[in-house]
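Note that full-length UniProt numbering numbers the sequence shown so that position 127 is 127, with each residue one more than the last.
Data first, discussion second: the structure below is written as structure tokens.
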Amino acid sequence: MDHPRELTVEAPRAWDRPVVSVPVLICLSLVGGQLPSFSTAANLYILTTGGGLIWVGLNNRVPRRPAPRRLPSVALWWLVPVTVFGVFEGATFVMAAGDDFPTFSRLADPLLEDNLARSAAWFAWLSAFWGLVRR
């Protein structure tokens, strides 16, 4: 007698659950928020955490979310402001325009002087990066 096949869904691993991943990202962002902007320690921490998230994301143990099959045509309109922003940011950085035409990073520095604001920015960056890595 044949039994019907049962559909089984694999339970998410411990690090994939928000109960685990959010506190880990909060701890990482609190450490990153204590580092001064554009310091060697901050740059090394960015490379370490980013590399660690890439390694975990590329590991086959983490279940991936399905990627969208096709981007809607409306998404192409987001490329225009992103491209303009990238060109201006890159040009001002390469030309070292200084205070005459500052980069976005330079404009954001006064907002990120507070450790709590810098930790919140770290958390936003890590959360977005974790979402992208899991795709």
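We put the CB at the ideal spot given by N, CA and C, even for glycine.
Asked, Found
"What did DSSP end up calling PHE85 once you bin it into helix, strand or coil?", "helix"
"Express the C-alpha separation of ALA91 and ASP100 in angstroms, rounding to a whole number.", "13 Å"
"Select from ALA120, ILE46, ASN115, PHE85 the residue whose C-alpha is nearest the C-alpha of THR103.", "PHE85"
"Measuring CB to CB, does GLY32 end up less than 9 Å from SER119?", "yes"
"How long is the line joining the alpha carbons of ALA117 and LEU111, rounded to whole angstroms?", "7 Å"
"What three-state label does DSSP hand ALA96 in the structure shown?", "coil"
"Return yes when the Cβ of LEU35 is within less than 9 Å of the Cβ of PHE129, no when it is not.", "no"
"Ordered along the chain, which non-local residues of its own chain (more than five positions away) have a Cβ less than 7 Å from that of PHE123?", "LEU25, ILE26, SER29"
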